[in-house]
Every structure is written in C-alpha cells, then in structure tokens.
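See structure below.
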Amino acid sequence: MKRNDFIIRYDSLGNRLRRWLNGNLLWPELDAAVNMAAGDNAFFTPWMQHRALEALAEGMLREDVLMKWLGQYPEPGPAASGKVCGVVAAGNIPAVAFHDILTVLAAGWRPLVKLSSKDSRLLPVLFPPETGAEFCSSTDGWKVDALLTMGGDTAADYFHGRFSGTPRIIRAGRFSAAVLTGKEDNASLKALAEDMLLYYGLGCRSATCLLVPHNYDFSGTMAAAEAFAKEHWGRLGQDNHRKNRAVLTLSGEKFLDSGTLIFRDLRKLIPGAQEDISLCLPWGKNLRVGEIWYVEYRSENELEKFIGANVNRIQKIIRNFGSAQSPSPDDWPDEADALCMLTRL
4 MKRNDFIIRY
14 DSLGNRLRRW
24 LNGNLLWPEL
34 DAAVNMAAGD
44 NAFFTPWMQH
54 RALEALAEGM
64 LREDVLMKWL
74 GQYPEPGPAA
84 SGKVCGVVAA
94 GNIPAVAFHD
104 ILTVLAAGWR
114 PLVKLSSKDS
124 RLLPVLFPPE
134 TGAEFCSSTD
144 GWKVDALLTM
154 GGDTAADYFH
164 GRFSGTPRII
174 RAGRFSAAVL
184 TGKEDNASLK
194 ALAEDMLLYY
204 GLGCRSATCL
214 LVPHNYDFSG
224 TMAAAEAFAK
234 EHWGRLGQDN
244 HRKNRAVLTL
254 SGEKFLDSGT
264 LIFRDLRKLI
274 PGAQEDISLC
284 LPWGKNLRVG
294 EIWYVEYRSE
304 NELEKFIGAN
314 VNRIQKIIRN
324 FGSAQSPSPD
334 DWPDEADALC
344 MLTRL
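In terms of the numbering used here, the sequence shown is residues 4 to 348.
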C-alpha cells in the first residue's frame, strides 16, 4: 500500500472510532467484540476498553500524526510486501498490540499475530482481512522474517532462544515511575490517579511506583486515587483490596491504605535500600492489582540514583501527569524503534 493510501486508511479508522465512541455511528462488530472481551477478561470492562480505543483514535489515528510519524522513514519498496513479521500480543490492556500491528503494516510487511487469550476480540475487528493482518492462537510452525513480542521476563527468554537467528525486538517486564514534588494541586493529583490506575495499573506505562520527597503527605494522592478506584474499579477493586490487605497484614508489613488501594514503601522491602537508594530495584518483587509502590527520596541526587539504577527496567518517568497511557506512534516501548528495524531489513 502506498504511504498516502495508508495514511488515508488509518485516519479514516480513527474517524470511525471517534464517531462510534461518541455514539454517532453504529458498528455492530465492535459492539460485539467489546461485550465478548468483557466476558473473557474481568479487567476489560467496557469503560476500560473504550478508554483504550479512545487513546488510539486520538493519539495515533489522525492524518497529521501519521504524516509526522511516517515522514521519518523511507517509503517501503516492493520487496517489503513479501516479508512477514510475527507479533506476539500481550493481554494486559485492551488492544495493546495495536501499535505493533500498525507498525508492521506501515513498513509494508504482513503481520502474523499470535493473540492473547485475554485479548482476542478487538484487534481482528480493527484490522479486518483486507488489511493483510493474519491472526492465530499459537506460534507453532512460525517461520517469520522478523519478530515483535511483549510480555514478562520468562516469555522474553523463551522467544530469544527460539528465534535466535531472527531479527527481533523482544520486550520484557518494565515499570513506570511518577516523580512528585509535594507541590501538586488537586487537578494534577487527579491526572496522576489516572496514570496510576487506568487499566487497573496493568500496563508497563502505568505509574505503579511513586517517587516522593521525604516525609511526603499522601493524603491528597490517596484521596484522588481512591476516587478513581471507586468510580472505575467497582467490585473487582474491593475484592482485590480484601485479599491484599489480608496477605500483608498476616506478613506483618506496614502499609498505607486508602480503602481500595494499598501503598507499599519499597525501600523497606529491599535489604539495604533505606541506606542506599541505588539498591532499590523493584523488578521481581510481587506487586498485586490494587497495590502501588512508593520510594522516598531525600535529594535530587537520590532521585537520580534511583532512576539510574533502574534505567534498564523503567518504561517511562512521568513528570507531567495525565497522558502516560496515550502514547504517540513514535513513543516506542523500551525505546526500541520497530519501524526503523523493519524498514532497514
């Protein structure tokens, strides 16, 4: 597909999504997909799915955005149409593999997509057969020219071994951290609550770690987070909170409790981290749905030491709140430019 035709197609998809989200367009296939996805995955409430689709429509599927993004790369040549890129999708947030599929198509390649059982409904509607995307439930028998995957460390190790001779971008577990100064107003804290709790905090861009100054007053942050959780998490949030509170209470751990959410002091969970913040390495630590880490810093130097120690595991440092879950097409996960890799191949 010529680049101009590609831009027209996906700008049109954005317009269609916006009209559907606003209630100005009937789209029975997408209605059905949302309903089935909510049945497949308790975390995919219709509201959460709508927010994910809105982020795609507003942040990626606009003519000016697509033109700016694709203008950084050469237009695909005829040889690209014969190449296949495998995409292994995660199932943590709705349509999370959309960007990877769009990228493969933008490179002129054909995407072969292994869907997650937790998110198998939306993507085939957004990329119908005429787009060239092919969907399946297993990677058995795959022979692909390149590979894009997302998931945890175990899955990353597996795909590195299995596709060792294939050009690939394989993402492992990462987390995002929000930097607070203690001077945030109510509007900023409300925006932070969305960065923390949209999609139940399951995305790698979710602000599941708060970097706060020493002796930080959590009352405003906890109130904003609690308001979001009560409005959008419902019974699922309450059920998780009861379990989390019981487990941590029995273990003797002290924590902050907003009523639906639990805030855990990460420096107290890791030996030596109270004295040396560079030892505060959270990956591998269990963080349940409904829990948020926090790390107190005593100086800008300490803050930078934490970020430096975790640089290979931090997806995003969030300082301007409210847009963490609405990336643009060139905001690459793990800072790995997949379109650059594919166009060079």
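C-beta: ideal position from N, C-alpha, C; glycine also.
Residue i classed as buried or exposed, judged by whether at least 16 other C-beta atoms fall within 10 angstroms
| i | result |
| --- | --- |
| residue 171 | buried |
| residue 346 | buried |
| residue 31 | exposed |
| residue 222 | exposed |
| residue 301 | exposed |
| residue 165 | exposed |
| residue 81 | exposed |
| residue 63 | buried |
| residue 15 | exposed |
| residue 207 | buried |
| residue 119 | buried |
| residue 285 | buried |
| residue 318 | buried |
Opposing strand residues paired with residue i [DSSP bridges]
| i | result |
| --- | --- |
| residue 114 | 88 |
| residue 268 | 297 |
| residue 139 | 117 |
| residue 208 | Partner(s): none; residue 208 has no beta bridge. |
| residue 174 | Answer is none; residue 174 lacks a bridge partner. |
| residue 259 | 266 |
For residue i, three-class secondary structure by DSSP
| i | result |
| --- | --- |
| residue 299 | strand |
| residue 10 | helix |
| residue 122 | strand |
| residue 216 | strand |
| residue 319 | strand |
| residue 149 | strand |
| residue 68 | helix |
| residue 179 | strand |
Neighbourhood of residue i by C-beta, 6 Å cutoff - its chain only, sequence neighbours within 5 removed
| i | result |
| --- | --- |
| residue 20 | 56 and 60 |
| residue 216 | 185 |
| residue 292 | 203 and 243 |
Any non-hydrogen atom of the ligand HEM within 7 Å of residue i CB
| i | result |
| --- | --- |
| residue 264 | What this structure holds is no ligand at all, so the ligand HEM is not there to describe. |
Inset, instruction - Indicate whether the contact test is met: 3 or more Cβ pairs, each with one atom in the stretch 210-229 and one in the stretch 243-251, closer than 8 Å. - result: When C-beta atoms of the stretch 210-229 are compared with those of the stretch 243-251, fewer than three pairs fall below 8 Å, so the two segments do not count as touching.
Inset, instruction - Evaluate contact between the stretch 47-57 and the stretch 138-151, counting only Cβ atoms and requiring at least three cross-stretch pairs below 8 Å. - result: With a cut-off of 8 Å, the stretch 138-151 and the stretch 47-57 do not count as touching, because too few Cβ pairs lie within range.
Legend entry - Contact the stretch 124-131 vs the stretch 180-192: 3+ CB pairs below 8 Å: Counting Cβ pairs under 8 Å, fewer than three are found: no touch.
Legend entry - Cβ contact (3+ pairs, closer than 8 Å) linking the stretch 326-346 and the stretch 248-266: With a cut-off of 8 Å, the stretch 248-266 and the stretch 326-346 do not count as touching, because too few Cβ pairs lie within range.
Legend entry - Three CB pairs or more closer than 8 Å across the stretch 229-238 and the stretch 62-81: Too few Cβ pairs lie closer than 8 Å, so no.
Inset, instruction - Could you tell me whether the stretch 35-44 touches the stretch 103-116, using the rule of 3 or more Cβ pairs below 8 Å? - result: No contact exists between the stretch 35-44 and the stretch 103-116.
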